[in-house]
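There are 2 protein chains.
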Amino acid sequence: MALEHAILVSLLEQPGSGYELARRFDRSIGRFWTATHQQIYRVLRRMEADGWVAAEEVAQDGRPDKKVYSAAGPGRAALAEWLREPVEPETVRHELAVKIRAAAFDDPAALTALISEVERHRESHAALLARYLHGEQRDFPDLDALDTRQELQHLVLRGGIEFERMNLAWLDDVLATLRRLASG
Amino acid sequence: MALEHAILVSLLEQPGSGYELARRFDRSIGRFWTATHQQIYRVLRRMEADGWVAAEEVAQDGRPDKKVYSAAGPGRAALAEWLREPVEPETVRHELAVKIRAAAFDDPAALTALISEVERHRESHAALLARYLHGEQRDFPDLDALDTRQELQHLVLRGGIEFERMNLAWLDDVLATLRRLASG
DNA sequence: ACAATCATGTAAGCCGTTACATGATTGG
DNA sequence: CCAATCATGTAACGGCTTACATGATTGT
Numbered sequence: 001m002a003l004e005h006a007i008l009v010s011l012l013e014q015p016g017s018g019y020e021l022a023r024r025f026d027r028s029i030g031r032f033w034t035a036t037h038q039q040i041y042r043v044l045r046r047m048e049a050d051g052w053v054a055a056e057e058v059a060q061d062g063r064p065d066k067k068v069y070s071a072a073g074p075g076r077a078a079l080a081e082w083l084r085e086p087v088e089p090e091t092v093r094h095e096l097a098v099k100i101r102a103a104a105f106d107d108p109a110a111l112t113a114l115i116s117e118v119e120r121h122r123e124s125h126a127a128l129l130a131r132y133l134h135g136e137q138r139d140f141p142d143l144d145a146l147d148t149r150q151e152l153q154h155l156v157l158r159g160g161i162e163f164e165r166m167n168l169a170w171l172d173d174v175l176a177t178l179r180r181l182a183s184g
Numbered sequence: 001m002a003l004e005h006a007i008l009v010s011l012l013e014q015p016g017s018g019y020e021l022a023r024r025f026d027r028s029i030g031r032f033w034t035a036t037h038q039q040i041y042r043v044l045r046r047m048e049a050d051g052w053v054a055a056e057e058v059a060q061d062g063r064p065d066k067k068v069y070s071a072a073g074p075g076r077a078a079l080a081e082w083l084r085e086p087v088e089p090e091t092v093r094h095e096l097a098v099k100i101r102a103a104a105f106d107d108p109a110a111l112t113a114l115i116s117e118v119e120r121h122r123e124s125h126a127a128l129l130a131r132y133l134h135g136e137q138r139d140f141p142d143l144d145a146l147d148t149r150q151e152l153q154h155l156v157l158r159g160g161i162e163f164e165r166m167n168l169a170w171l172d173d174v175l176a177t178l179r180r181l182a183s184g
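First to last, the sequence lines map onto chains A and B.
Position one of the first sequence corresponds to residue 1 (full-length UniProt numbering), numbered consecutively onward.
Position one of the second sequence corresponds to residue 1 (full-length UniProt numbering), numbered consecutively onward.
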């Protein structure tokens with residue numbers, strides 16, 4: 001239940017509207033925490049009611065008004081408290097792994113279908129890795145001159161990069177194995 | 001929503017009661033799909049109503065009766081159909097990553113607390129890797145003599161092993177970085 | 001005696017997804 | 001003119017977690 005905390009971190013890095021937050025969750029934050037705009041709006045209202053965030057109505061010309069949220073004192077305190085609590089292990093849900101083991105109980109044609117599926121996954125992971133590497137060059141051009149905040153952001157990004165490299169290597173392994181089984 | 005399918009795969013590999021399934025989800029299957037016994041019982045009842053699984057009451061001496069489930073024809077058909085549908089990308093929820101970025105907005109003491117947390121995580125991932133490697137030696141002593149089902153099981157296990165190796169390497173990176181930031 | 005294991009369940013509540021709705025502006 | 005973007009929301013449903021409940025047996 002860390003959506004509140006992910007939102008607080010994002011607002012501390014940069015105040016913004018619910019809409020802007022939703023876009024950040026689609027882009028950078030979505031690397032390690034996903035959320036739809038409906039979730040974000042609902043949680044923002046609750047956080048505002050609890051005094052965790054402060055909202056300021058901002059009139060815009062040519063666009064609808066927006067409510068710009070920023071992290072408030074009680075929100076920072078809640079974040080600090082949460083930081084000191086242990087987190088439980090992440091629950092794993094790996095559909096592709098279920099499919100691979102399921103393929104043993106289907107006819108050989110299922111292996112062929114699974115190969116196409118895995119190829120699609122491989123492509124999307126390769127694209128994600130490319131985006132990470134591009135973002136790294138753009139946001140961290142000089143790795144020897146980072147402040148603490150950037151160091152921590154880059155640390156998380158490195159995790160994403162290594163995760164995707166591992167994924168690609170494993171998916172190559174999966175493809176080689178499935179092709180061997182499909183042809184043999 | 002692949003819990004049904006994960007259960008079907010498990011029952012195809014070996015029929016069993018809800019309780020036994022829950023234990024498998026705690027052990028081997030939990031590597032790529034988690035579920036509590038409450039979820040499993042509820043889904044099993046629905047699957048039985050839909051004819052996906054067949055239940056047989058088994059009386060035991062000294063223990064409560066149990067219902068042993070096995071995958072039925074419609075269940076296998078549903079699994080085959082699901083295998084041919086594309087899966088969406090997994091949603092990522094990485095609490096530790098949120099905490100690392102949150103640490104930038106707390107006092108330095110938070111970094112120290114986070115280091116202990118990461119050390120705990122490192123230990124549990126190291127233990128998991130050791131269990132995977134041990135299980136690999138036990139269940140797949142001769143990698144050149146595997147049937148298709150075992151090949152696919154080993155493929156998934158290799159994914160788990162590489163995932164944990166990647167995790168360990170990244171957590172070492174995290175510890176080194178946090179310690180440098182905490183002392184500097 | 002006590003804890004652990006076997007075996008199954010109810011109930012409450014939050015979380016998350018999906019679909020739908022509104023209404024204005026900008027760019028092709 | 002149509003699609004996309006900006007901006008916020010309601011409603012319904014189902015999934016998942018947490019807490020609680022029951023009751024017997026085996027091992028220390």
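For every residue, glycine included, the Cβ atom is placed at its ideal position computed from N, Cα and C.
If you look at residue 77 of chain A, you'll find it isn't in any beta strand (DSSP E); it sits in the alpha helix (DSSP H) that goes 73 to 84. Against chain A, a Cβ distance below 7 angstroms from residue 166 of chain B picks out 162, 163 and 166. The three-state secondary structure of residue 117 of chain B, taken from DSSP, is helix. Under a 10 Å Cβ-count criterion, residue 62 of chain B is classified as exposed, with fewer than 16 other Cβ atoms of the shown protein chains found around its own Cβ. Between residue 32 of chain B and residue 94 of chain A, the C-beta spacing is below 8 angstroms. Rounded to the nearest whole angstrom, the CA to CA distance from residue 75 of chain A to residue 125 of chain B is 31 angstroms.
For residue 54 of chain B, the enclosing beta strand (DSSP E) begins and ends at 53 to 58.
Between the region 145 to 156 of chain A and the region 77 to 95 of chain A there are fewer than three C-beta pairs closer than 8 angstroms, too few to call the two in contact. Contact between residue 152 of chain A and residue 101 of chain B holds, with the beta-carbon distance rounding to 6 angstroms and staying under 8 angstroms. By the criterion of a C-beta distance shorter than 8 angstroms, residue 52 of chain A is surrounded in its chain by 4, 8, 71, 72, 74, 75 and 78, once the five residues flanking it on both sides are discounted. In the DSSP assignment, residue 183 of chain A falls within the alpha helix (DSSP H) that extends over 148 to 183. In the structure shown, the three-state DSSP call for residue 9 of chain B is helix. Counting C-beta pairs closer than 8 angstroms gives fewer than three between the region 165 to 178 of chain A and the region 38 to 57 of chain B, which falls short of the contact rule. Minimum Cα-Cα distance from residue 117 of chain B among the listed residues A:28, A:64 and A:82 corresponds to A:82. Exposure of residue 176 of chain A is indicated by the presence of fewer than 16 other C-beta atoms within 10 angstroms of its C-beta. Residue 60 of chain A and residue 68 of chain A have their C-alpha atoms some 12 angstroms from each other. Residue 29 of chain B: not part of any alpha helix (DSSP H); DSSP gives it neither H nor E.
In this structure residue 6 of chain B is buried. Its beta-carbon is surrounded by 16 or more other beta-carbon atoms within 10 angstroms. Interface flag for residue 86 of chain A against chain B is set, since a Cβ pair is found closer than 8 angstroms.
Between the C-alpha atoms of residue 163 of chain B and residue 58 of chain A there is a straight-line separation of about 45 angstroms. By the Cβ-count criterion, residue 160 of chain A is buried, with 16 or more other Cβ atoms from all chains shown falling within 10 Å of its own Cβ. Less than 8 angstroms separates the beta-carbon of residue 178 of chain A from that of residue 114 of chain A. Around the beta-carbon of residue 24 of chain A, 16 or more other beta-carbon atoms lie within 10 Å, marking it buried.
For residue 94 of chain B, there is no enclosing alpha helix (DSSP H), as DSSP gives it neither H nor E.
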